[in-house]
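Undergrad: Handing you this structure, nothing more for now.
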Amino acid sequence: MKSKHSVKIIVVLAVLLFSLFYTLPSTKMWDNAFGTISPAEQYAVPQRLLEYSAGDDGASALIKFQVDRMAEIFNRVKDPARTDDVLNNVVDTARKALVDMGAEVRVFNPDYVNGNVSLRVAGKSKDEAQALLNGARLYSKLPLIVTSLFPRSKITLGLDLKGGIDLVYQVDLNSIQENDSITDAVSRSVEIIRNRIDMFGIAEPSIKSQDGNRIRIQLPGVKDPERVKQLIQNTAMLQFHMVKDQALTAAQLEPISPEGEIVLMQPGTNRQQAMWFKLVRKPEVTGRDLKYAKVSFDDMGAPIVHLEFNAEGAAKFAQVTGSHIGEQLAIVLDNKVHSAPVIQSRITGGMAQITGRFSLEEAQNLAIVLRAGALPASLIALESRVVGPTLGQESIKAGWSAGIIGTLLVLLFMAFFYKFCGILADMAVLFNTLIIFAVLVFFGGTLTLPGIAGLILTIGFAVDANVIIFERIKEEFRSGKTVRAAINAGFDRAFTCIIDSNVTTLLTVAILYIFGSGPIRGFATTLGVGLIANVFTAIICVKLALDLYYSGERARTLSI
Amino acid sequence: MKNRYTFFGLSITLIVISILLLAVKGLNYGIDFKGGSILHVRFVDESNETKIRDTFKQIEKDRKLYFTSDQIVVQSVAGGQNREFIIQYPSAPLDTAQNAEVHDHILSDLKRMTPFSDEALEVSNVGPTIGDELKKQGLQAAVLSVIGILLYLAYRFEFQSAIGAIIALVHDLIIVLGAVSLIGLEFDVTVLAAVLTLLGYSVNDSIVILDRIRENRKITKDNSFAAVIDSSINQTLGRTLNTSITTLLALFALLILGGISIKGFATTLTIGCIIGTYSSIFIASPVLFEMTGDKLGRNK
């Protein structure tokens with residue numbers, strides 16, 4: 001009997017430790033004490049103040065800090081030419097993080113060496129600069145040896161809580177090239193979208209193909225959803241065609257021969273009317289021959305996209321420009337004429353640029369999509385959900401207060417109704433909640449708003465097993481059994497009932513998990529984990545506590 | 001047991017009303033199911049439905065929309081000080097790339113004409129394809145759940161008990177859907193999740209009583225099944241009520257404090273919890289009784 005108890009005690013303590021271990025880093029208390037950050041936030045945020053020097057003018061200071069995972073990010077990008085953009089994005093994120101904390105980042109002139117980034121902030125003393133980073137909870141106060149012991153992962157919040165974009169696209173089967181298979185086109189699309197998003201610098205993207213020809217993209221915490229959507233949707237098919245004729249309407253064009261020629265439009269702008277072009281159908285050079293694209297500025301300071309072709313592309317380009325001097329070459333992007341400059345001279349060296357008609361953001365987007373390559377097919381948006389960070393925050397707050405009040409009500413009711421035993425059941429319920437959190441963190445599950453609702457529902461329902469047991473104990477006790485016998489009989493008799501009822505509920509939860517997606521899955525997960533944890537806390541933990549308490553002298557009266 | 005016909009009558013009435021409601025009024029499907037778009041926004045200045053409609057009329061003039069401004073549904077969010085609104089408009093009949101553009105234009109136009117105090121709180125567009133699939137999946141999930149529960153119960157209990165529990169469950173399902181239709185609650189994915197969860201919980205309640213009947217049957221000296229059922233229900237009554245109370249306490253907290261996104265979910269479960277408790281006491285075991293008869297040991 002003694003040894004049986006000690007095994008149980010060890011198991012319960014082990015579960016408790018496990019739960020605390022995985023739950024604590026997610027708490028606010030932990031944040032306040034240690035300022036630890038989650039992997040999601042670690043991406044591209046200033047981590048550790050490395051160096052500080054006050055500016056000569058006294059009105060600004062240079063702070064140098066470390067950016068976490070920089071090496072990893074660079075590794076992933078591989079192409080050294082692209083690292084410029086990655087660095088820009090990283091620094092931009094860091095800058096935003098500092099600005100969010102109230103800093104005025106005055107000179108935006110980043111310097112990057114070995115994962116260390118320098119930025120100049122306005123009028124901060126060293127202490128203030130330090131406080132800025134501390135206040136931003138951007139670096140850990142704990143020594144590395146301690147932080148590495150604890151799981152670094154906080155609980156993952158769903159997009160509905162954290163804010164973000166959830167997109168479902170369908171690959172337009174009509175737009176796939178004839179010699180291309182559907183699965184191939186879909187998987188290449190996924191790869192290209194991933195590249196584009198990586199280059200744009202969004203943390204923890206999830207890009208998956210599903211149901212054959214669909215692509216689901218989940219991006220947490222994106223601040224500029226419209227731009228990101230544009231970045232994903234653009235097919236980015238770049239082609240250079242020779243111009244045969246141009247006119248203000250399609251009808252005014254010279255008659256075309258459908259085999260060798262096509263008619264495309266240049267969309268109008270505020271200053272310019274739409275224009276129609278008759279082009280040679282076969283493109284002279286395409287985006288496939290592109291080696292690199294980046295944004296730069298022309299003499300007027302307007303953004304341009306600078307293109308660099310590979311050897312083959314450069315040769316084609318030299319050939320076509322050499323033999324058509326004085327003619328127009330149309331730059332066609334996604335079947336729309338972007339511009340049609342006149343060829344001035346033979347272009348060798350494979351350099352070209354697309355000028356005019358776009359904002360800096362558009363130019364940046366274009367450079368990214370051109371580098372990442374064209375999508376093999378166009379995408380149709382089936383579903384798009386954007387949750388702003390504000391709504392997520394409010395949902396967390398509402399869920400939190402509902403959780404606290406709900407839990408308090410349930411706990412009070414149990415303590416009032418079942419006295420001492422009720423308080424034990426209360427402890428079991430709290431333990432149960434802790435376990436759910438820990439398991440979610442451990443398995444990388446996601447906490448969603450319905451998940452929080454599931455958690456609260458579980459709190460209301462988790463007492464059920466104990467209610468069944470306590471009612472049974474009461475009955476057995478009334479029928480004249482001793483306290484210990486009544487407790488044992490109560491647990492024994494209630495056991496099958498608890499198992500049966502939990503299995504059926506678990507069954508529906510499993511089906512919910514399989515059929516549901518996103519937030520609903522989060523709900524099914526918390527509910528399912530809660531049900532299993534419930535059997536453990538209600539049967540093993542409460543029984544153990546009762547056994548330990550009602551031994552010897554105290555076993556005369558039962559407080560239930 | 002004596003009053004069972006009264007309760008059967010009550011339940012049948014409720015079921016008939018629910019089916020009529022579902023047939024005539026139907027469910028108020030949210031965009032998850034019927035497709036469409038939602039803009040949840042908070043304006044800088046106070047606004048109202050007429051103003052928002054006027055803004056959409058303006059947008060309609062400038063852009064080619066596939067719906068008219070009369071088709072939008074504007075809902076002012078309670079506690080949003082006349083600044084927070086949820087605007088719904090229908091989905092296009094087909095999924096096309098142009099539709100996606102239309103949505104983006106509407107949002108940017110709206111933002112330009114009536115500035116938001118924040119980024120849009122929520123912007124969702126669901127094409128018609130996804131909605132239809134979701135309906136099918138929801139139905140499949142419900143049917144699978146019922147079959148799964150039936151099989152498990154038939155394995156653990158005798159078949160009549162399983163049927164009793166399943167009838168109680170279907171009873172709950174129909175009445176809850178009827179209630180959802182009656183109050184015009186928007187039927188979205190979270191409400192569907194609530195309904196499916198309910199299947200589990202409803203049967204859970206019945207099982208506790210059926211389990212007691214199973215046990216009492218073996219030890220009873222009396223040969224009356226009705227007496228066994230009555231005493232089983234009475235013995236488990238404390239549990240049935242207490243668990244329902246704690247669950248309702250948690251649900252009420254969720255309903256009142258949980259915020260707008262979770263309201264439908266909490267409402268559905270609250271109704272379901274009450275109906276489920278009723279049916280497990282007054283429907284599940286009486287149905288078992290009707291099928292088994294009063295003589296004990298005839299079936300086992």
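Taken in sequence, the protein lines are chains A and B.
The first sequence begins at 1 in my numbering and counts up one residue at a time.
The second sequence begins at 1 in my numbering and counts up one residue at a time.
All residues carry an ideal CB built from backbone N, CA and C; glycine is no exception.
Are any of the Cβ atoms in chain B nearer than 8 Å to that of Met427(A)?
TA: Counting from 1 along the first sequence, the entry for residue 427(A) is found at position 427. By this cut-off, Met427(A) is not an interface position.
Undergrad: Whole angstroms are fine: how far does the CA of Lys294(A) sit from the CA of Ala318(A)?
TA: Counting from 1 along the first sequence, the entry for residue 318(A) is found at position 318. Counting from 1 along the first sequence, the entry for residue 294(A) is found at position 294. One C-alpha to the other measures close to 21 Å.
Undergrad: Is Gly268(A) helix, strand or coil by DSSP?
TA: Residue mapping note: residue 268(A) aligns to position 268 of the first sequence, counting from 1. Here Gly268(A) sits in coil by DSSP.
Undergrad: To the nearest angstrom, how far is it from the Cα of Lys64(B) to the Cα of Ser145(B)?
TA: The residue you call residue 64(B) lines up with position 64 of the second sequence. The residue you call residue 145(B) lines up with position 145 of the second sequence. Rounded to the nearest angstrom, the two C-alpha atoms are 45 Å apart.
Undergrad: Return the CA-CA distance between Ile331(A) and Leu370(A), expressed in angstroms with no decimal places.
TA: As a working note, residue 331(A) is residue 331 in the first sequence. As a working note, residue 370(A) is residue 370 in the first sequence. Looking at the two C-alpha atoms, the distance is approximately 13 Å.
Undergrad: How would you write the range of the alpha helix (DSSP H) that Lys208(A) sits in, first residue to last?
TA: In the first sequence, counting from the first residue as 1, residue 208(A) sits at position 208. Per DSSP, Lys208(A) belongs to no alpha helix (DSSP H); it is in the beta strand (DSSP E), 206-210.
Undergrad: Could you tell me whether the stretch 493-504 of chain A touches the stretch 414-432 of chain A, where touching means 3 or more Cβ pairs closer than 8 Å?
TA: No, the stretch 493-504 of chain A is not in contact with the stretch 414-432 of chain A.
Undergrad: Within the same chain, show all residues whose beta-carbon is closer than 7 Å to that of Ile15(B), passing over the 5 residues directly before and after it, in chain order.
TA: By 1-based counting over the second sequence, the position of residue 15(B) is 15. Closer than 7 Å at Cβ, skipping near neighbours: His171, Ile174, Ile175.
Undergrad: In the DSSP assignment, what are the bridge partners of Asn125(B)?
TA: Here residue 125(B) is taken as the residue at index 125 of the second sequence, counted from 1. Answer by DSSP bridge pairing, in chain order: Ser384(A), Ser37(B).
Undergrad: Output the distance between the C-alpha atoms of Leu237(B) and Val12(A), rounded to the nearest integer angstrom.
TA: Indexing the second sequence from 1 puts residue 237(B) at position 237. Indexing the first sequence from 1 puts residue 12(A) at position 12. Distance between the alpha carbons of Leu237(B) and Val12(A): 32 Å.
Undergrad: Just to confirm before moving on: does the CB-CB distance between Leu449(A) and Ser395(A) stay below 8 Å?
TA: To locate residue 449(A), count along the first sequence from 1; it is residue 449. To locate residue 395(A), count along the first sequence from 1; it is residue 395. The answer is yes: Cβ separation under 8 Å.
Undergrad: Is it true that the stretch 36-43 of chain B meets the stretch 115-134 of chain B, where meeting means three or more beta-carbon pairs spaced less than 8 Å apart?
TA: In short, these stretches touch, since the Cβ pair count reaches three.
Undergrad: If the cut is a Cβ gap below 7 Å, which residues of chain E does Arg385(A) touch?
TA: You won't find chain E in this structure, because its protein chains are A and B.
Undergrad: Taking the C-alpha atoms as reference points, what is the distance between Glu475(A) and Ala398(A)?
TA: One-based indexing of the first sequence puts residue 475(A) at position 475. One-based indexing of the first sequence puts residue 398(A) at position 398. Looking at the two C-alpha atoms, the distance is approximately 40 Å.
Undergrad: Please list, in chain order, the residues of the stretch 252-269 of chain B that have any C-beta partner in chain A closer than 9 Å.
TA: Under the 9 Å Cβ criterion, the stretch 252-269 of chain B contributes Phe252, Ala253, Leu254, Leu255, Ile256, Leu257, Gly258, Gly259, Ile260, Ser261, Ile262, Phe265, Ala266, Leu269.
Undergrad: Using a Cβ-Cβ cutoff of less than 7 Å, which residues in the same chain neighbour Ala524(A) once the five nearest sequence positions on both sides are dropped?
TA: Position 524 of the first sequence holds residue 524(A). Cβ within range, chain order: Val509, Leu512, Tyr513, Gly516.
Undergrad: Provide the residue span of the beta strand (DSSP E) that contains Phe240(A), from first to last.
TA: Taking the first sequence and counting its residues from 1, the one referred to as residue 240(A) is at position 240. Start and end: 238-247.
Undergrad: Just tell me which of Asp211(A), Lys419(A), Asp160(A) has its CA closest to the CA of Leu219(A).
TA: For the purposes of this step, residue 219(A) is taken as the residue at position 219 of the first sequence. When only C-alpha atoms are compared, the closest one is Asp160(A).
Undergrad: How is the beta strand (DSSP E) around Asp54(B) delimited, first residue to last?
TA: One-based indexing of the second sequence puts residue 54(B) at position 54. Not the beta strand (DSSP E): Asp54(B) falls in the alpha helix (DSSP H), residues 49-62.
Undergrad: Give me, in chain order, the residues of the same chain whose beta-carbon lies closer than 7 Å to that of Ile106(B); leave out the 5 immediate sequence neighbours on both sides.
TA: Mapped onto the second sequence, residue 106(B) falls at position 106. Closer than 7 Å at Cβ, skipping near neighbours: Ile59.
Undergrad: Shortest alpha-carbon distance to Arg212(B) belongs to which of Arg472(A), Asp211(A), Leu424(A)?
TA: Locating residue 212(B) in the second sequence gives position 212, where the first residue counts as 1. Taking only the C-alpha atoms, the option nearest Arg212(B) is Arg472(A).
Undergrad: Could you check whether the Cβ of Ile130(B) sits closer than 8 Å to any Cβ belonging to chain A?
TA: Taking the second sequence and counting its residues from 1, the one referred to as residue 130(B) is at position 130. True, the Cβ-Cβ gap to chain A drops below 8 Å.
Undergrad: Taking its Cβ as the centre, do 16 or more other Cβ atoms sit within 10 Å of Gly478(A), making it buried, or is it exposed?
TA: Taking the first sequence and counting its residues from 1, the one referred to as residue 478(A) is at position 478. First, the residue type needs correcting, since residue 478(A) is Arg and not Gly in the sequence shown. Exposed.
Undergrad: Going by other Cβ atoms of all chains shown within 10 Å of its Cβ, with 16 needed for buried, is Ala120(B) buried or exposed?
TA: Within the second sequence, numbered from 1, the residue matching residue 120(B) stands at position 120. Ala120(B) should be labelled buried.
Undergrad: Does the distance from the C-beta atom of Gly178(B) to that of Leu288(B) stay below 8 Å?
TA: In the second sequence, counting from the first residue as 1, residue 178(B) sits at position 178. In the second sequence, counting from the first residue as 1, residue 288(B) sits at position 288. No, these two residues do not count as a Cβ contact at 8 Å.
Undergrad: With a threshold of 16 other CB atoms inside 10 Å of the CB of Leu199(B), please say whether the residue is buried or exposed.
TA: Numbered from 1 along the second sequence, position 199 holds the residue referred to as residue 199(B). Result: buried.
Undergrad: Just to make sure I have the definition right: I need the residues of chain B whose C-beta is within less than 8 Å of the C-beta of Phe417(A). Which are they?
TA: As a position in the first sequence, residue 417(A) is number 417, starting the count at 1. Here the neighbours are Asn242.
Undergrad: Report the rounded CA-to-CA distance for Leu20(A) versus Gly403(A), giving the unit in angstroms.
TA: The residue you call residue 20(A) lines up with position 20 of the first sequence. The residue you call residue 403(A) lines up with position 403 of the first sequence. Their backbone Cα atoms lie some 19 Å apart in a straight line.
Undergrad: With respect to the alpha helix (DSSP H) encompassing Gly272(B), which residues constitute its N-terminal and C-terminal limits?
TA: Reading the second sequence from its first residue, position 272 is the one you call residue 272(B). Its alpha helix (DSSP H) spans residues 263-279.
Undergrad: Excluding sequence positions up to five away, which residues of its chain have a Cβ less than 6 Å from the Cβ of Ser6(A)?
TA: In the first sequence, residue 6(A) corresponds to position 6, counting from 1. So no residue of the chain qualifies.
Undergrad: Suppose you measure from the CA of Tyr29(B) to the CA of Pro90(B); what does that come to, to the nearest Å?
TA: Taking the first residue of the second sequence as position 1, residue 29(B) is located at position 29. Taking the first residue of the second sequence as position 1, residue 90(B) is located at position 90. Roughly 12 Å between the two C-alpha positions.
Undergrad: Beta-carbon separation of Ile233(B) and Ile166(B) under 8 Å?
TA: By one-based count along the second sequence, residue 233(B) stands at place 233. By one-based count along the second sequence, residue 166(B) stands at place 166. Against a cut-off of 8 Å, the Cβ pair of Ile166(B) and Ile233(B) comes out as no contact.
Undergrad: How big is the Cα-Cα spacing for Leu16(A) and Leu411(A)?
TA: Along the first sequence, one-based indexing puts residue 16(A) at 16. Along the first sequence, one-based indexing puts residue 411(A) at 411. Between Leu16(A) and Leu411(A), the C-alpha separation is close to 20 Å.
Undergrad: If we ignore side chains and look at the alpha-carbon of each, how far apart do Gly80(B) and Phe7(B) end up?
TA: Looking up residue 80(B) in the second sequence gives position 80. Looking up residue 7(B) in the second sequence gives position 7. Going from the Cα of Gly80(B) to the Cα of Phe7(B) covers about 43 Å.
Undergrad: According to the neighbour-count rule (16 or more other Cβ atoms, all chains shown, within 10 Å of its Cβ), is Lys278(A) buried or exposed?
TA: Residue numbering aside, residue 278(A) sits at position 278 when the first sequence is read from its first letter. Buried, because 16 or more other Cβ atoms sit within 10 Å of the Cβ of Lys278(A).
Undergrad: Taking 8 Å as the CB-CB cut-off, is Gln233(A) touching chain B?
TA: By one-based count along the first sequence, residue 233(A) stands at place 233. So yes, Gln233(A) belongs to the interface.
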